[in-house]
Every structure is written in structure tokens, then in C-alpha cells.
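Trainee: Residue numbers (my numbering): 190 to 508.
Below is the structure:
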């Protein structure tokens, strides 16, 4: 019941107040600056309000706190997930604000963003240790591998930084990340409920509620973008959830779309720097399909379907 309540509260808040946020940003003329190297037809999206992640992050916070307090499920784990969501969201907000202020698509320097992400990872690890959770990494075919204190600390930093940036890279089309992330969080919400980790489950369902309501305004043609504020927060929180349910490596499968998007960028850069040739028409890979003539809706639906398949099979394997 706590998960259902958190879902409903988050959905209701986001759906009700997002129009006001959109009107505010439009009145202030605070719109997204489109990358010059992106597809030329994306230029018409320039000026669309961004930082929509602000509303669903607030909704997730309120929903998690209310549901957690009502059902007595607001412990250190839930609060740590909210901390990661907020910290990574603030990093993204800072990044988005710089872009808007300077009227360009470049925000925070890489080292500034990385430093903030690492601080978040260190705090998360401190709470993880305080809760006495295992320093074991479950690897399919190898079983549970003990990484030790320092090894698991490095893993947590890598996981949070890696997936926050991976989700950020995936956020390049109207509605793409809102749909894919909803599916990912549903999967981990189911796993958390099966493990009786109600605090983790209610957080996951709060995220899903906020994202599905946000999708009402973010599907093509988007009235608002989530911005780095939304995508960095979602990626960091998703990585944290996968760690807390002790199925960390499963995120490589359940979050396969983020992995593919990131891999496409890495491979493109390596290929161009070493051979001078591009593997894809444009990276991340969703732009490659755009260049091939796919509509945004076709790409969204295809990626959502792939996410649904990996989520269902991922949960089924762990059941």
C-alpha cells in the first residue's frame, strides 16, 4: 500500500503543477539551447522549457516522505536515495542554469560534475556501511564476489557516476528517458517488494509516478524537457537502487538501453580518433536512427519495447 500511495501522490503532484512550471519558464524565456552538432531538425526545439526534472524530483521527495511516514518506512535507506536524487539533481540544475544564462549548450566543466557525483557516491557508501550491508558483488556464473571495503567503494563510485552519465546521454529525444526510466524503476520496484525492502519499493514507485505524469508533457512534441537536472538524478538514483537490492550487475541488462547509448558514444569517439571514420551516422545511437529516417516516435517505441523485454526477463531470472 505504501508503494501505491507514493505512486499516486507523485503522479498527482507532477500532473497538477507541471503546467504552471511550463508557463513560468516560458514567461522567463528560459528554454533549451540545442546542440549545434545535433540533427538540424532539432533546431525547432530551441527555446522549449527545460529543467522539468525539478517538478518530478519535488514530487518524488514529497511522495516518498509522506508514504514513508504514514507506513513507518522512512529509514536511512529511503533518505539516502532521496539524497542521491537531490544531489545529482542539483548538479544537473547547476549545469542547466549555466547553459540558460550563457545561452549555449555547454554547462558545468567535466571535473565539476564528476566531483559532485563522487561526493554523492562517498556519502551513499557511508550509509551503506552504517546499515551493515554486504560488500559482495553478485556476478552471474561466478556467484557473490567479495570486493572488500575499498573495492566495493570504488565500485559504488563507478556505478553511480557511470549510470548517471549514461541516462544523461540517453536523454536526447522527446519522451525517451521518461519512458525507459519508468520501466527500469518498475523492474527494481518489483524486485524490492519481493525482497520486502518496502522503503526502496516506495521510492521506485514514486519515481515511476512522477515520470509517467511528466511524460504527459514530455512526449513528442515536448512542451518541456527534463534537462540534466532530471536525467542525472534518475541515473544516480537508479544505480543506487540496483546496489541496495544487491543485484547491481542486473542493471547492465535491465538498463541495456543506457549501456548501448553510452557504448555508441565511446565507440564513435575511439573510431574517429584512431581511423578518422565514424561507425554511426551520429551518436548517441538514437541520433543514428534519426539520421536513417526513423521518427522520434518510432525510436521511442522501439527503445521502450526493448526496455520492457530486458526488464521482464531481468526480473524473471532473479525471481
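Even glycine gets a Cβ: it sits at the ideal position worked out from N, Cα and C.
Owing to the predicted nature of the structure, the values given are computational and were not obtained by experimental measurement.
1. Can you check whether the C-beta of residue 197 is within less than 8 Å of a C-beta belonging to chain C?
2. Alpha carbons only, please: which of 191, 192, 245 is nearest the one belonging to residue 211?
3. How about residue 243 and residue 282: do their beta carbons lie closer than 8 Å?
4. Could you work out which residue in 438, 341, 398, 356 is closest to residue 199 when comparing CA atoms only?
5. Might you give, ordered along the chain, the residues of its own chain that have their beta carbon closer than 6 Å to the beta carbon of residue 348, omitting 5 neighbours on each side?
6. Can you tell me which of the three DSSP states residue 302 falls into?
7. Just the Cα atoms here: how many angstroms apart are residue 480 and residue 488?
8. Apart from the five residues on each side of it in sequence, which residues of its chain come closer than 8 Å, Cβ to Cβ, to residue 500?
9. When you compare the CB positions of residue 262 and residue 382, do they come within less than 8 Å of one another, or not?
10. The alpha helix (DSSP H) that contains residue 332, what's its start and end?
11. With a 10 Å radius around its C-beta and 16 neighbouring C-beta atoms as the bar for buried, classify residue 329 as buried or exposed.
12. Do you know offhand how far residue 394's Cα is from residue 464's?
13. Whether or not the region 303 to 318 and the region 261 to 281 are in contact is what I'm after, with contact meaning three or more pairs of Cβ atoms, one per stretch, closer than 8 Å; do they touch?
14. Could you give the distance in angstroms between the alpha-carbon of residue 467 and the alpha-carbon of residue 332?
Mentor: According to the structure data:
1. Given the protein chain composition of this structure (a single chain), no chain C is represented.
2. Locating residue 211 in the chain shown gives position 22, where the first residue counts as 1. Ranking the options by Cα distance to residue 211, first place goes to 245.
3. As a position in the chain shown, residue 243 is number 54, starting the count at 1. As a position in the chain shown, residue 282 is number 93, starting the count at 1. Going by beta carbons, residue 243 and residue 282 fall inside the 8 Å limit.
4. Within the chain shown, numbered from 1, the residue matching residue 199 stands at position 10. For residue 199, the closest of 438, 341, 398, 356 by C-alpha to C-alpha distance is 398.
5. Sequence index remark: in the chain shown, residue 348 carries index 159 (1-based). 428.
6. Residue 302 sits at position 113 when you count from the first residue of the chain shown. Note: residue 302 maps to helix in three-state DSSP.
7. The sequence position of residue 480 within the chain shown is 291, counting from 1. The sequence position of residue 488 within the chain shown is 299, counting from 1. Those two C-alpha atoms are separated by around 11 Å.
8. Reading the chain shown from its first residue, position 311 is the one you call residue 500. Scanning its chain for C-beta atoms nearer than 8 Å, with the 5 sequence neighbours on each side dropped, one finds around residue 500 the residues 372, 373, 375, 376, 443, in chain order.
9. In the chain shown, residue 262 corresponds to position 73, counting from 1. In the chain shown, residue 382 corresponds to position 193, counting from 1. Contact flag unset, no.
10. Counting from 1 along the chain shown, the entry for residue 332 is found at position 143. Under the DSSP assignment, residue 332 falls outside any alpha helix (DSSP H), being part of the beta strand (DSSP E) whose first and last residues are 332 to 335.
11. Taking the chain shown and counting its residues from 1, one reaches residue 329 at position 140. Flag for residue 329 reads exposed.
12. Within the chain shown, residue 394 is the residue found at index 205, counting from 1. Within the chain shown, residue 464 is the residue found at index 275, counting from 1. Rounded to whole angstroms, residue 394 to residue 464 spans 46 Å at the Cα level.
13. Contact between the region 261 to 281 and the region 303 to 318 is present, because at least three Cβ pairs lie under 8 Å.
14. Translated into positions along the chain shown, residue 467 becomes position 278. Translated into positions along the chain shown, residue 332 becomes position 143. Whole-angstrom Cα-Cα distance: 38 Å.
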